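Before any comments, here is the structure.
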Amino acid sequence: MTPSTPSPALQHPRTLERLVKGQATQDGAGVKLSRVLTQDLQRRLDPYLMLDHFASDQPDDYIAGFPNHPHRGFETVTYMIVGRMRHRDSAGHEGLLQNGGVQWMTAGRGLIHSELPEQEEGLMEGFQLWLNLPSQDKLCAPGYRDIQSDEIPEFETPEGVRVRVIAGHSHGVAGAMQRDLTQPLYLDLSLPPGSRFEQALPSEHNAFVYPFRESVDVQGQTVPPQHMAILRNTELATGQGHDGVALTAPASNTAAARVLLIAGRPLREGIAQYGPFVMNTQEEVFQAIRDFQAGLMA
1 MTPSTPSPAL QHPRTLERLV KGQATQDGAG VKLSRVLTQD LQRRLDPYLM LDHFASDQPD
61 DYIAGFPNHP HRGFETVTYM IVGRMRHRDS AGHEGLLQNG GVQWMTAGRG LIHSELPEQE
121 EGLMEGFQLW LNLPSQDKLC APGYRDIQSD EIPEFETPEG VRVRVIAGHS HGVAGAMQRD
181 LTQPLYLDLS LPPGSRFEQA LPSEHNAFVY PFRESVDVQG QTVPPQHMAI LRNTELATGQ
241 GHDGVALTAP ASNTAAARVL LIAGRPLREG IAQYGPFVMN TQEEVFQAIR DFQAGLMA
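First residue of the sequence shown? That's 1 in full-length UniProt numbering, and the numbers climb one at a time after it.
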């Protein structure tokens, strides 16, 4: 466990703006998943573009994986809860995602990669989050980091809440990844029944929570499991902004609530997406398609 620093109590915690139920869909070569953050929410949750949750113990739902496909203009963050997934890309990077591990890929000017299961049975569960790149970095050199589970800092609060800090900072603990412009915060929380967790957030940052085991309460409003709660970040009547988020696990939960808390600084730039390409203008997307067709991402 990493030593943590107690944070000052929040004065103006955020409230729940709305709940979003994930949409059942398929991607890759038929992998069944729930798309939680969809394209129509990209501007509201800027700098985040997509969140997928895949979870099944039926091999036919995941065995074909995600064969070779291109990306340009953003970053993918794949977090494996249970199972094994092999990653390879056209820049020569390769890694094995295992329980608790993260693969952070910067597509930049373009990559072709694949993610294929390295198991034939059992539970496969994880998340893929898309984080936008600012316009000046859209065509940066591709990059990749394979973060093993034991490289992710963890701490426990006095109330027994276990916190994994994938990105950003929480209670004085620096996460495994940092980004200066988008300032992503990505926490995996485990809240025992009846426990409370507070996280400071800049008032202008967009934020959401996603409980994937049990439910969690946000200022007295319950967020059921496998629903995304978009958190308000509007200015208060006092002229002050919200200073963070407070989460409580209902005492009626039968087990610890597992919750993703994700926030980031909005880029407030144009978003033009066509499938695996996310740029600032349609012309840049057309150029990405031409470059892919010409083999320039291989």
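Using N, Cα and C, we set each Cβ at its ideal position, and we do this for glycine too. None of the values given here were measured: they were computed from a predicted structure.
- The shortest CA-to-CA distance from residue 204 to any of 224, 242, 212 is the one to 242.
- When secondary structure is reduced to three states using DSSP, residue 149 falls in the helix class.
- Taking all protein chains shown into account, residue 97 has 16 or more neighbouring C-beta atoms within 10 Å of its C-beta and is therefore buried.
- By the neighbour-count criterion, in which a residue is buried when 16 or more other Cβ atoms sit within 10 angstroms of its Cβ, residue 283 is exposed.
- Residue pairing for residue 79: DSSP places it in a beta bridge opposite 102, 127.
- Rounded to the nearest angstrom, the Cβ distance from residue 168 to residue 185 is 3 Å, consistent with a contact under 8 Å.
- With a 10 Å radius around the Cβ and a threshold of 16 neighbouring Cβ atoms, residue 195 comes out buried.
- Excluding five sequence positions before and after residue 31, the CB atoms of its chain that fall closer than 8 Å to its own CB belong to 54, 61, 62, 64, 65, 66, given in chain order.
- A Cβ-Cβ distance of about 4 Å is found for the pair residue 263 and residue 207, placing them in contact under the 8 Å criterion.
- In this structure, residue 154 keeps its C-beta atom at 8 Å or more from the C-beta atom of residue 297.
- Ranking 85, 164, 20, 221 by CA distance to the CA of residue 39 puts 20 first.
- Taken in chain order, the whole beta strand (DSSP E) runs of length 3 or more contained in the region 235-294 are 244-248, 257-264, 272-274, 277-279.
- Beyond the five residues adjoining it in sequence on each side, residue 225 comes within less than 7 Å, by CB distance, of 211, 212, 213, 214, 215 in the same chain, given in chain order.
- DSSP, read as helix, strand or coil, puts residue 40 in helix.
- Look at residue 137 here: in three-state DSSP terms it is helix.
- Following the DSSP letters along the chain, one finds residue 200 inside the beta strand (DSSP E) bounded by residues 196-200.
- The C-alpha of residue 198 is placed about 48 Å away from the C-alpha of residue 295.
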